[in-house]
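Residues 1 to 93 in full-length UniProt numbering are what the sequence shown spells out, letter by letter.
Have a look at the structure below before the remarks.
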Amino acid sequence: MRCPLCDVKMKEVERRGVMIDVCPECKGIWLDKGELERLLALERQEQGYYEAAYQEKKPEHPPHYHHDYHDPYHPKKHKKHKSLLGEIFDIFD
1 MRCPLCDVKM KEVERRGVMI DVCPECKGIW LDKGELERLL ALERQEQGYY EAAYQEKKPE
61 HPPHYHHDYH DPYHPKKHKK HKSLLGEIFD IFD
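Here it is in structure tokens:
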């Protein structure tokens, strides 16, 4: 398939069972019919899974306060979970 904008042969990339056409020239992303709906359904399913897991992990007791709990000099580093759409945009990295 050729890019409709710059007429360059597009590269097919598979992400979680969905084929995505990516133009190496203009970095455009093209989806076939129904692929956007599948991606959004996967995203909703994944979001529901993480919300359910978060609800299950509520502590029964208040947290124990350690000397470094609110230490402004050594803040804890938090990693954000990548969503499905975030993984798709990793194509450009």
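In this text, a Cβ means the ideal position worked out from N, Cα and C, and glycines have one as well.
Residue i to residue j span [Cα, whole Å]
{"i": "L40", "j": "R16", "result": "12 Å"}
{"i": "R44", "j": "Y54", "result": "15 Å"}
{"i": "residue 135", "j": "M1", "result": "One cannot answer for residue 135 here, as it falls past the ends of the chain, which runs 1 to 93."}
{"i": "K33", "j": "E51", "result": "29 Å"}
{"i": "G86", "j": "C26", "result": "19 Å"}
Spatial neighbours of residue i in its chain, beta-carbon cut-off 7 Å, leaving aside the 5 residues before and after
{"i": "G28", "result": "C3, L5"}
Contacts around residue i, its chain only, beta-carbon distance under 6 Å, and the 5 residues preceding and following it disregarded
{"i": "K11", "result": "V22, P24"}
Cβ separation of residue i and residue j, assumed to be a contact under 8 Å, to the nearest whole Å
{"i": "L84", "j": "L42", "result": "5 Å"}
{"i": "R38", "j": "V8", "result": "About 26 Å; that fails the 8 Å criterion."}
Other residues of its chain near residue i: CB distance less than 8 Å, five sequence neighbours each side excluded
{"i": "I20", "result": "E12, V13, E14, I29, W30, L31, E35, I88, I91"}
{"i": "E46", "result": "S83, L84"}
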